[in-house]
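Asker:
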Amino acid sequence: MSEVLNISNLSKIYQKGTIEIPALRDINCEVDKGSYLSIVGKSGSGKSTLLNLIGGLDKPTSGTIQFNEQELGSMTRYQLALHRRFAVGMIFQSFNLIPNRTALENIILPLVFAGIPKRQRKQRATELLDQVGLSERINHLPSELSGGEAQRVAIARAMANEPEMILADEPTGNLDSGTSAEIIDLLVSLNKEKGLTILMVTHDKETAEAVSDSIITLKDGRIV
Ligand SMILES: Nc1ncnc2c1ncn2[C@@H]1O[C@H](COP(=O)(O)OP(=O)(O)O)[C@@H](O)[C@H]1O
Ligand SMILES: [Mg+2]
């Protein structure tokens, strides 16, 4: 299997006034294309910081993140925007859907940013909703969806521009155990059937062990 991600000597120190908060220290890891990696660790151990750096939402203090052999730190702002738009899809514990837009409109939005023509956008968004089993909820607002449905919409949105990797930050953190299992099943099927590489932060070690090819445990910003 070829490597999609190579992280080398990665550190992130947040500056809060005069205080330095080391969120990640000397992280080294490699991720194969098509693999399912889980990241576990206590609250505050640096899990979200790591996903945000890989997603290009933030910059490392030192070290490198190579995505398909391209160093994120040496990308221009434009290249980094393309990375966020096309290479990775992110999902979050709190879904982060736009409240006053319907399920369909939430999925159309990244297609607008990608410059997809209007006619194709609606068709593609409809297909994506169908793929996550939500064809009946097209015109629902986020407030009219259950947590599990909202996360399905978020997953469809993350897949809109056919990313190579899904970055999932505690995707089941707000869901009951039955719904969590459904969301995990959906992620596993995207991994197995579409070959999407998945990086998932979770508190649930049992699930991580059941579904992942490998697990990283963070403690105080370090891999243990
Ligand atoms: N934007 C920020 N500014 C300052 N400190 C931050 C910021 N984001 C996270 N931190 C700190 O970095 C550490 C790691 O946070 P985080 O990556 O969110 O951990 P986790 O996702 O594992 O709970 C924590 O101590 C947190 O308080
Ligand atoms: Mg977090």
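Just so we're aligned, residue 736 is where the sequence shown starts under this note's numbering, counting upward by one. Using N, Cα and C, we set each Cβ at its ideal position, and we do this for glycine too. Remember, it's a predicted structure, so these values are computed and weren't measured experimentally.
Take every Cβ of the segment 855-875, pair it with every Cβ of the segment 792-806, and state whether three or more of those distances are shorter than 8 Å.
Answerer: Verdict: no, contact absent.
Asker: Taking only heavy atoms of ligand 2 into account, decide whether any of them is closer than 6 Å to the Cβ of S783.
Answerer: Taking the first residue of the sequence shown as 1, we reach residue 783 at position 48. True, at least one ligand heavy atom lies under 6 Å from that Cβ.
Asker: Which of the three DSSP states is assigned to L931 in this structure?
Answerer: Position 196 of the sequence shown, counted from the first residue, corresponds to residue 931. Three-state result, L931: coil.
Asker: Taking all protein chains shown into account, decide if R854 is buried (16 or more other Cβ within 10 angstroms of its Cβ) or exposed.
Answerer: Reading the sequence shown from its first residue, position 119 is the one you call residue 854. Classification for R854: exposed.
Asker: Does at least one heavy atom of ligand 1 sit under 6 Å from the Cβ of K954?
Answerer: As a working mapping, residue 954 is identified with position 219 in the sequence shown. Not under cutoff, so the answer is no.
Asker: Is it the case that the CB of S829 approaches a heavy atom of ligand 1 more closely than 6 Å?
Answerer: Here residue 829 refers to the residue found at position 94 when the sequence shown is read from its first residue. Every heavy atom of ligand 1 is 6 Å or more from the Cβ of S829, so no.
Asker: Exposed or buried, which one is A885 when buried takes at least 16 other CB atoms within 10 Å?
Answerer: Counting from 1 along the sequence shown, the entry for residue 885 is found at position 150. By the 10 Å Cβ count, A885 comes out buried.
Asker: For Y749, is the beta carbon positioned less than 6 Å from some heavy atom of ligand 1?
Answerer: Within the sequence shown, residue 749 is the residue found at index 14, counting from 1. Yes, ligand 1 has a heavy atom inside 6 Å of this Cβ.
Asker: In chain order, what residues of the same chain lie with their CB nearer than 7 Å to the CB of V946, ignoring the 5 residues before and after it?
Answerer: What you label residue 946 is simply residue 211 of the sequence shown in a count that begins at 1. Same-chain partners within the cutoff: Y771, I919, V923.
Asker: Hey, which unbroken runs of the beta strand (DSSP E) at 3 residues or more fall wholly within the segment 783-821?
Answerer: Along the length of the segment 783-821, whole beta strand (DSSP E) runs at least 3 residues long occupy 797-802, reported in chain order.
Asker: Within 10 Å of its beta-carbon, does N835 have 16 or more other beta-carbons around it, so buried, or fewer, so exposed?
Answerer: Numbered from its first residue, the sequence shown carries residue 835 at position 100. Exposed, since its Cβ has fewer than 16 Cβ neighbours within 10 Å.
Asker: Helix, strand or coil for F827? Go by DSSP, reduced to three states.
Answerer: As a working mapping, residue 827 is identified with position 92 in the sequence shown. If DSSP states are grouped into helix, strand and coil, F827 belongs with the strands.
Asker: Is the beta carbon of G882 less than 7 Å from the beta carbon of N926?
Answerer: Numbered from 1 along the sequence shown, position 147 holds the residue referred to as residue 882. Numbered from 1 along the sequence shown, position 191 holds the residue referred to as residue 926. It is not a contact, given that the beta carbons lie outside the stated cut-off.
Asker: Check this for me: beta carbons of M900 and T932, under 7 Å apart or not?
Answerer: Translated into positions along the sequence shown, residue 900 becomes position 165. Translated into positions along the sequence shown, residue 932 becomes position 197. Yes; because the gap between Cβ atoms is below 7 Å, this pair is in contact.
Asker: In or out: I789 buried (at least 16 other Cβ within 10 Å) or exposed?
Answerer: Looking up residue 789 in the sequence shown gives position 54. Per the 10 Å Cβ criterion, buried.
Asker: Check V766 in the structure and name its three-state DSSP category.
Answerer: For this step, residue 766 is matched to residue 31 along the sequence shown. Strand.
Asker: Just how far apart, CA to CA, sit T753 and L786?
Answerer: Taking the first residue of the sequence shown as position 1, residue 753 is located at position 18. Taking the first residue of the sequence shown as position 1, residue 786 is located at position 51. Rounded to whole angstroms, T753 to L786 spans 25 Å at the Cα level.
Asker: By Cβ distance below 6 Å, which residues in the same chain neighbour A903 in space, the five residues on each side in sequence not counted?
Answerer: Here residue 903 corresponds to residue number 168 of the sequence shown, with the count starting at 1. Hits under 6 Å: I826, M935.
Asker: For the candidate residues A891, L880, S878, whose alpha-carbon lies nearest to that of L863?
Answerer: Within the sequence shown, residue 863 is the residue found at index 128, counting from 1. Measuring from the Cα of L863, the nearest candidate turns out to be A891.
Asker: Could you tell me the alpha carbon to alpha carbon distance between R859 and I756, rounded to whole angstroms?
Answerer: As a position in the sequence shown, residue 859 is number 124, starting the count at 1. As a position in the sequence shown, residue 756 is number 21, starting the count at 1. So the two alpha carbons sit approximately 43 Å from each other.
Asker: Would you identify the three-state DSSP class for V739, choosing helix, strand or coil?
Answerer: The sequence position of residue 739 within the sequence shown is 4, counting from 1. Correct three-state label for V739: strand.
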